[in-house]
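2 protein chains.
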Amino acid sequence: MWTWRAEGVDPQTAKREESLFTLADGMLGWRGNYEEGVAAGYPTIHGCYLNGFFEQERIRYGEIAYGYAENSQTMLNVTDGQTIGLACNGKALRVGPEDVIQNERELDLRTGILNRKTVYRIPGGGQLTLRSQRLVSFRRPGVAAIRWTLTADKACDLEITPLINGDVTNRIVTDDPRVGSGLQGRVLSRPEQWMTDDEGRPGWTFAQTTEKSGLGLACSMFCCIPGQEAAIWYQEWQAGATYELALAPGQTVELTKICAYAWGKKDKLQEYADQTEKAADEALTAGFDALADEQKADLDAFWDSVGLEIEGDDALLLGMRFNLFHLFQAAGRDGRTNVCAKGLTGEGYEGHYFWDTETYMLPFFDSTQPAIARKLLEYRYSILPLARQRAREMGHAVGALYPWRTIDGHEASAYYPAGTAQVHINADIAMAVRRYVNCSGDKDFLRQMGAEMLVEISRLYYDLGFYDASKNGAFCICGVTGPDEYNALVDNNTYTNLMAAETMLYAAEVAEPLMEQLGVRPEEIRNWRDAAGKIYIPRDEKSALIWQDDAFASRVPWPLDSIPKENFPLLLHYHPLVIYRHQVCKQADLVMAMLLLPHRFTEEEKRVAFDYYDKVTTHDSSLSHAAFSALASRIGRMDKAYAYFRDSAVLDLEDTHGNTADGLHMANMAGSWFCLVNGFGGLDTDASMLSLDPVLPEQLVSYAFRVNWQGTCVEVRVNREGASYRRVSGPEITIMASGKEIKL
Amino acid sequence: MWTWRAEGVDPQTAKREESLFTLADGMLGWRGNYEEGVAAGYPTIHGCYLNGFFEQERIRYGEIAYGYAENSQTMLNVTDGQTIGLACNGKALRVGPEDVIQNERELDLRTGILNRKTVYRIPGGGQLTLRSQRLVSFRRPGVAAIRWTLTADKACDLEITPLINGDVTNRIVTDDPRVGSGLQGRVLSRPEQWMTDDEGRPGWTFAQTTEKSGLGLACSMFCCIPGQEAAIWYQEWQAGATYELALAPGQTVELTKICAYAWGKKDKLQEYADQTEKAADEALTAGFDALADEQKADLDAFWDSVGLEIEGDDALLLGMRFNLFHLFQAAGRDGRTNVCAKGLTGEGYEGHYFWDTETYMLPFFDSTQPAIARKLLEYRYSILPLARQRAREMGHAVGALYPWRTIDGHEASAYYPAGTAQVHINADIAMAVRRYVNCSGDKDFLRQMGAEMLVEISRLYYDLGFYDASKNGAFCICGVTGPDEYNALVDNNTYTNLMAAETMLYAAEVAEPLMEQLGVRPEEIRNWRDAAGKIYIPRDEKSALIWQDDAFASRVPWPLDSIPKENFPLLLHYHPLVIYRHQVCKQADLVMAMLLLPHRFTEEEKRVAFDYYDKVTTHDSSLSHAAFSALASRIGRMDKAYAYFRDSAVLDLEDTHGNTADGLHMANMAGSWFCLVNGFGGLDTDASMLSLDPVLPEQLVSYAFRVNWQGTCVEVRVNREGASYRRVSGPEITIMASGKEIKL
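Residue numbers (my numbering), protein chains in the order written: chain A, 1 to 744; chain B, 745 to 1488.
The structure is reproduced here in structure tokens:
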């Protein structure tokens, strides 16, 4: 249950597998492309991505209005370091049904290595076996390594051509809003090139820049086949080495190829080139095995922090491991980058950062990798000045408004009803600060960065909302879009209102002792508390049902079973006007609020809401199943909890949304973690101590996980006999376990 | 009070005057450009437009969704026939502060002729006086004529170059939604050219085509200076004649230039060329004076039908005449075109047709020019098949949905919240059918075209709305935008609901005896009546106030006097999200409903609504003042009525919206008519007989107007002694005058 395998050569699954076999280290992502390329017509999306490295374009609107986002941002497909040309007896070999006899790939989640064995037909007879191993190094961010081992059962002439290629483009997709409009043609400049050749280890460095975003990158490629001389060549957009050799039957030839990437503002290109040349050289000197050992050690530590075990459903276990591995691969760790909606596995959503990070992914990092969690929040702090600027553009004299989707901090959403209108992202970030501080105990972060964010976010909500006389003076927030994108521009979205209220309360608590440092006036503290206390929640008059927003009750009913199956997801088959006027949800909204703010709702409210919204939700968003699962666990609807958990755990492995080719669904992957830990395990990070309340679904024999609480790692094991808790590391701790205090 | 004059050379007012001095005949529009051109840097928007002649472009969306409008449509600036080069003693003379000593222009609303006198400095000394007269012929659609008369007080050499120019482009405006995104660069193809030269009357014909909309046009230009030989020339994009002559002091030289235009599908170019050559030749043979006589006769008939008199406010009288003259110029008369939002006076709103025609302009034509009114409705019938198709795209299995903005019948709105969401346009068209049929008695139109439109429109509303259990089973329409574009995507917009209800009732009445012919089922008739009977109106619980929509009551208050003056219009200074969440209106919405459906509301409801919405309306739309004025008259708020009437009457003449340069505001111009006739005069076209109920504001001594009712022209005169009525022409008639029946 530690490996994901694929066999054969199947055009139907080819692009999806490229996403699934992506390797990344939070900075560099390489899709699982075949180094030697694919045969003409065989489907592929070739992708090398750098987290945060993008080009922008002025957005053209058919009809412009004041304050619209100015520029698109698109994570670029960058300099290709994956490719290694292969020819045998004068014929180029590429993966496709014609030349390949056997093909197996296996991603090992413990080692982080993608192993491949491809057996080619040798032109003229015989079989050539190519074994490929690759990794993208956690220890050395931006460094990737490939090892090729070739053997043949018959003598043949080989031509092996490791190369670096600056002639890359992004996909062009204009009809699916979930992929993006895309950039047309070449975006990166013609590469500046440098070359070194030190004792049979040739190395090239390419430096390329973007025009409008002002960024530059360097990519160095070093390669070596021990004992073989290479013919060195370079062209305008490519360079590399060509090894020509005669392979005897049974003889083995081994190639190592190292790539290193660095990027930043384009005025420091030379610096990046120096860095990558050094990094590639060092990595080649260390050798593939040493890099693999480092990778294994880092992953051992990672899996230790997670402590995941599931007995009774192997597919679920593998799905979970696969998801957590990819999450670990996707997260930026440098404070200037975050987690793209699709990680570094594809071009879906243009490499943008959304609320997905704070709401879905951070819970996992808070509990297992607090250092990464902090870096992700530091990124949000780094763009606070732009969020202030955006608030001014949006008519607020005070406060900060975080962009709905962005890479560099500027709003990049070209459709504001499911973009800028989703002002809940502000509170999502604020609540992520609270959760991180609760879990980590990192008061330094709170003082240095978090408090300022909380204050600015609360100022925005207080300015945005108003006391509505027609609602008995309740504090209301109008004209926003909640998490559910099938109900846009609504008044008093419950999720938004409650998250804003909790944010203002927390900001008041944090800022009160720091008023001078933060420049907060006492009446601001009072205002936030007052508004939070009077926050408006739309409720059904006759039952415990809470409405998603003011108008939800009177939308047009649209029984989901009356809609033809092929018309899902609705967004690809109905105009937004049609969707918005119906009582239909794309995803968890109120259910998400109940998950994030469990203390705000009664048991009955949760049960009633779950049943009601479960009926009207299409789960067209991959963010939906996990939330429904976790809430279902908490209200004892274990069948639903288990079914939705499974949907979440295997969404990408089984490509149930049909678009895994464009990249893996990171928020959902993280969501499967909180299905287990918050859902089954009952982890509550809002409490003043670590609090758990495990349940075991009948489908499982047992499960275990670990969570970090302020420096202590606690292992939770749940089986038919009950739950047990163990302190794995760190100081002693008292926890709340199913309502009882336990000292570990 | 029959002429509009401008003097001098002022860059500040130059472009606005070009709009105001536009001449048009419903098919061809020539902005009031100077034939000899303007000096470098002097502001101008050069424009020759053909109603309905457009190019389309695929709309690029930053984020696409299902069902969005595919193509933009832009009325093109077409082949220029206005230009006549002028040089004196070897120097080109163009209008600008440097060369012009005196400049006067006068548009005569009785003759339809734009007269100009421009006195130029002769290089080397002396003065050259240019008198220009021009007209665009109502009698000969697409034909325009210019007469130049030149005299000098000192001998000089003149070079006069009448030309035709196919090298034309549209304005490019990307930052104002009210102008449009515009096309870039040349759009029309290089002209095919033909030339004739018959006894000193040279003539050229250009044929040009569009690439994507598949249209073609021909433009013929003939010219003549009696007794003078011209040098003939042609180039790739231009052709013309150059007359060189020596002008003695006091001698007069007279040039006549005729242009004729025709257009259609581009496969019939030769046909259009034959037409325009013949039309231009015939017009030149007739001569300018004969054309001017025809024009005067047609305008005499027009002013007779209007019978407008106002005593006590000359500016108001001139403003009204100016507005009605332009309205008459703007209206398409061929059944394949309509009235552009800016007529043929500029490129604002890209030459699109909106609800403006049916709701604002048709009332004027119904009462004075029923033949034009019918042609405008025939246009809507001609695009009914596309409206059916659009309904399918929008998820309706039945019915027709008219496009919010269009030229050829396809939806061309790139911003659906203030576009496709404004489904009230369907009812606006239906109610225009009812009004036209009431006023004209034209039952043929109703049987042949109107009934089918009514049925399809009603089917759409019945499918769009639903019986809301949470509102006691009332028939509700959710997720639409009403007339007021500062409140988008609302539920139960009162205007929309009531207009839809009236439409369904009228459709039931019209269709009931024609069910077989129309393919209407009896239950459809029942359904429409049932839905109309249960239509939902959002009301304040404690007063007679009716809400504009379900959520209006709980929007954020935004006192208009708290907004800095320079921040109006709001749409250019605030993001739509900011505007939408506030309780603020751009324009009349409920007030418009009260004007169009006066019998649906009590006196008290009207008074309460007027006061309430008057306070929260910015009138940022030019469609607003007239509606407020007319309702104010009906509820006895005569000061308001008069003030808003004046705002409406002089909006373009005084450029109070600051964008008259982009074209005149046709809906407002027509609105000033219903300020007088529906407002002061109390005309009610919903009644079974002609019904009037005049009031006289204290600012006026008297007023008079004429209205047509089913073939009878009735003159209404109102002064301090009361109202009097006279049958001007047509059969005897019984009218309802201030509640009393009178036989005329």
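The beta carbon of each residue, even a glycine, is placed where N, CA and C say it ideally should be.
message: Along the region 1135-1158 of chain B, where does the CB come closer than 8 Å to a CB of chain A? Name the residues.
response: E1137, M1138, G1139, S1157 and A1158
task: Return the first residue and the last residue of the alpha helix (DSSP H) that T494 of chain A is part of.
output: Taking the first sequence and counting its residues from 1, the one referred to as residue 494 of chain A is at position 494. Its alpha helix (DSSP H) spans residues T494 to A511.
message: Between D1274 of chain B and chain A, is the shortest Cβ-Cβ distance under 7 Å, so that the two count as touching?
response: Taking the second sequence and counting its residues from 1, the one referred to as residue 1274 of chain B is at position 530. It does not: the Cβ of D1274 of chain B has no partner Cβ on chain A nearer than 7 Å.
field: Beta-carbon proximity check, G947 of chain B vs F966 of chain B, cutoff 7 Å
entry: Looking up residue 947 of chain B in the second sequence gives position 203. Looking up residue 966 of chain B in the second sequence gives position 222. Their beta carbons are under 7 Å apart, which means G947 of chain B touches F966 of chain B by this criterion.
field: For A538 of chain A, the first and last residue of its enclosing beta strand (DSSP E)
entry: Sequence index remark: in the first sequence, residue 538 of chain A carries index 538 (1-based). One detail in the question is off: residue 538 of chain A reads as Pro in this sequence, not Ala. Per DSSP, P538 of chain A belongs to no beta strand (DSSP E) and is neither H nor E.
query: Whose CA, out of A:D334, A:Q102 and A:T74, lies closest to the CA of R140 of chain A?
result: In the first sequence, residue 140 of chain A corresponds to position 140, counting from 1. Nearest of A:D334, A:Q102 and A:T74 to R140 of chain A, Cα basis: A:D334.
message: Can you pull the chain B neighbours of R581 of chain A, defined as C-beta to C-beta under 7 Å?
response: Taking the first residue of the first sequence as position 1, residue 581 of chain A is located at position 581. Chain B residues near R581 of chain A: C1222 and G1223.
message: Using a Cβ distance threshold of 8 Å, determine whether the region 364-376 of chain A contacts the region 406-416 of chain A, with at least three qualifying pairs required.
response: no
- prompt: M1410 of chain B and D1100 of chain B look like a contact to me (Cβ under 8 Å); what is the Cβ gap, rounded to whole Å?
  reply: Against the second sequence, residue 1410 of chain B aligns to sequence position 666. Against the second sequence, residue 1100 of chain B aligns to sequence position 356. Sure, about 6 Å apart at Cβ, within 8 Å.
- prompt: CB-CB under 6 Å to M1193 of chain B, same chain, minus the five flanking residues each way: which ones, in chain order?
  reply: As a first step, residue 1193 of chain B must be located in the second sequence, where it is residue number 449. Taken in chain order, the residues that qualify are Y1125.
- prompt: For H1326 of chain B, which three-state DSSP category applies?
  reply: As a first step, residue 1326 of chain B must be located in the second sequence, where it is residue number 582. Note: H1326 of chain B maps to strand in three-state DSSP.
- request: Look up R1273 of chain B in the DSSP assignment and say whether it is helix, strand or coil.
  value: To locate residue 1273 of chain B, count along the second sequence from 1; it is residue 529. R1273 of chain B falls in the helix class under three-state DSSP.
task: Please check the pair G866 of chain B and R878 of chain B, which I expect to be a contact at CB under 8 Å, by giving their CB distance rounded to whole angstroms.
output: One-based indexing of the second sequence puts residue 866 of chain B at position 122. One-based indexing of the second sequence puts residue 878 of chain B at position 134. In the sequence under discussion, the amino acid at residue 866 of chain B is Ile, which differs from the Gly named in the question. That belief does not hold up - the Cβ atoms of I866 of chain B and R878 of chain B are roughly 24 Å apart, past 8 Å.
query: Going along the chain, which residues of the region 340-365 of chain A sit with their C-beta nearer than 9 Å to a C-beta in chain B?
result: none
query: Can you name the residues of chain A whose CB is closer than 9 Å to the CB of G869 of chain B?
result: For the purposes of this step, residue 869 of chain B is taken as the residue at position 125 of the second sequence. Here the premise fails: no neighbours, minimum Cβ distance about 52 Å.
- request: List the residues of chain B that I59 of chain A touches, going by C-beta distances under 7 Å, in chain order.
  value: Taking the first sequence and counting its residues from 1, the one referred to as residue 59 of chain A is at position 59. Here the neighbours are G806.
query: Of all the beta strand (DSSP E) runs that stay within the bounds of the region 840-878 of chain B, which reach a length of 3 or more residues?
result: 844-852 and 857-865
task: Determine contact between the region 206-225 of chain A and the region 185-194 of chain A, defined as no fewer than three beta-carbon pairs at a distance below 8 Å.
output: yes
Among A:V701, A:W2, A:E18 and A:S562, nearest to E347 of chain A - alpha-carbon criterion: On the first sequence, residue 347 of chain A is found 347 positions in, with the first residue counted as 1. That would be A:E18, whose Cα lies nearest to the Cα of E347 of chain A.
query: Would you say V718 of chain A and P697 of chain A are within 7 Å of each other, going by their C-beta atoms?
result: Stepping through the first sequence from its first residue, residue 718 of chain A is reached at position 718. Stepping through the first sequence from its first residue, residue 697 of chain A is reached at position 697. Against a cut-off of 7 Å, the Cβ pair of P697 of chain A and V718 of chain A comes out as no contact.
- prompt: Beta carbon of N338 of chain A, beta carbon of Y353 of chain A: below 7 Å?
  reply: Numbered from 1 along the first sequence, position 338 holds the residue referred to as residue 338 of chain A. Numbered from 1 along the first sequence, position 353 holds the residue referred to as residue 353 of chain A. It is a contact, given that the beta carbons lie within the stated cut-off.
message: Quick check: what's the CA-CA separation for L597 of chain A versus T496 of chain A?
response: In the first sequence, counting from the first residue as 1, residue 597 of chain A sits at position 597. In the first sequence, counting from the first residue as 1, residue 496 of chain A sits at position 496. Roughly 12 Å separates the two Cα atoms.
message: Just to check my reading of the structure: L874 of chain B and D1396 of chain B have Cβ atoms closer than 8 Å, yes? What is that Cβ distance to the nearest angstrom?
response: Translated into positions along the second sequence, residue 874 of chain B becomes position 130. Translated into positions along the second sequence, residue 1396 of chain B becomes position 652. Between D1396 of chain B and L874 of chain B the Cβ distance is about 27 Å, and since that is not below 8 Å, they are no contact.
task: Check each candidate in A:A65, A:G332 and A:L50 and name the one with the smallest Cα separation from Y1324 of chain B.
output: In the second sequence, the residue the question calls residue 1324 of chain B occupies position 580. If we check each option's Cα against that of Y1324 of chain B, A:A65 comes out closest.
- request: Could you name the residues of the same chain whose beta carbon sits closer than 7 Å to that of M592 of chain A, not counting the 5 residues immediately before and after it, in chain order?
  value: Your numbering for residue 592 of chain A matches position 592 in the first sequence. If we look at M592 of chain A and ignore the five residues flanking it on each side, its Cβ neighbours are P483, Y495 and A627.
- prompt: By how many angstroms is the C-alpha of D1355 of chain B removed from the C-alpha of V839 of chain B?
  reply: Residue mapping note: residue 839 of chain B aligns to position 95 of the second sequence, counting from 1. Residue mapping note: residue 1355 of chain B aligns to position 611 of the second sequence, counting from 1. The straight-line gap from Cα to Cα measures roughly 49 Å.
query: Is the region 60-77 of chain A in contact with the region 1308-1322 of chain B, if contact means three or more CB pairs nearer than 8 Å?
result: yes
message: Give me the chain B residues within the contact set of V578 of chain A, using Cβ-Cβ distance strictly less than 7 Å, ordered along the chain.
response: Position 578 of the first sequence, counting from 1, holds the residue named residue 578 of chain A. Going along chain B in sequence order, the residues near V578 of chain A (Cβ under 7 Å) are M1138 and G1139.
- prompt: What is the DSSP secondary structure of R555 of chain A, reduced to helix, strand or coil?
  reply: For the purposes of this step, residue 555 of chain A is taken as residue 555 along the first sequence, with counting starting at 1. It is coil, neither helix nor strand.
- prompt: Quick one: what's got a C-beta closer than 6 Å to E1055 of chain B's C-beta in the same chain, skipping five residues either side?
  reply: Counted from its first residue, the second sequence places residue 1055 of chain B at position 311. Taken in chain order, the residues that qualify are V1445 and S1446.
query: For L327 of chain A, which of helix, strand or coil comes out of DSSP?
result: Your numbering for residue 327 of chain A matches position 327 in the first sequence. L327 of chain A: helix per DSSP, three-state reduction.
query: Is Y68 of chain A helix, strand or coil by DSSP?
result: If you number the first sequence from 1, residue 68 of chain A lands on position 68. DSSP places Y68 of chain A in coil when its eight states are reduced to three.
- request: Determine the extent of the beta strand (DSSP E) in which W948 of chain B is found, giving its start and end residues.
  value: Here residue 948 of chain B refers to the residue found at position 204 of the second sequence. Here the beta strand (DSSP E) through W948 of chain B covers R945 to T953.
message: Less than 7 Å between the C-beta atoms of E350 of chain A and M75 of chain A, yes or no?
response: To locate residue 350 of chain A, count along the first sequence from 1; it is residue 350. To locate residue 75 of chain A, count along the first sequence from 1; it is residue 75. Yes, they are a contact pair.
task: Name the two residues that bound the continuous beta strand (DSSP E) containing S881 of chain B.
output: Within the second sequence, numbered from 1, the residue matching residue 881 of chain B stands at position 137. From DSSP, S881 of chain B is part of no beta strand (DSSP E); its letter is neither H nor E.
Short Cβ contact (7 Å threshold) for L344 of chain A with G142 of chain A: The count along the first sequence starts at 1 and reaches residue 344 of chain A at position 344. The count along the first sequence starts at 1 and reaches residue 142 of chain A at position 142. No, they are not a contact pair.
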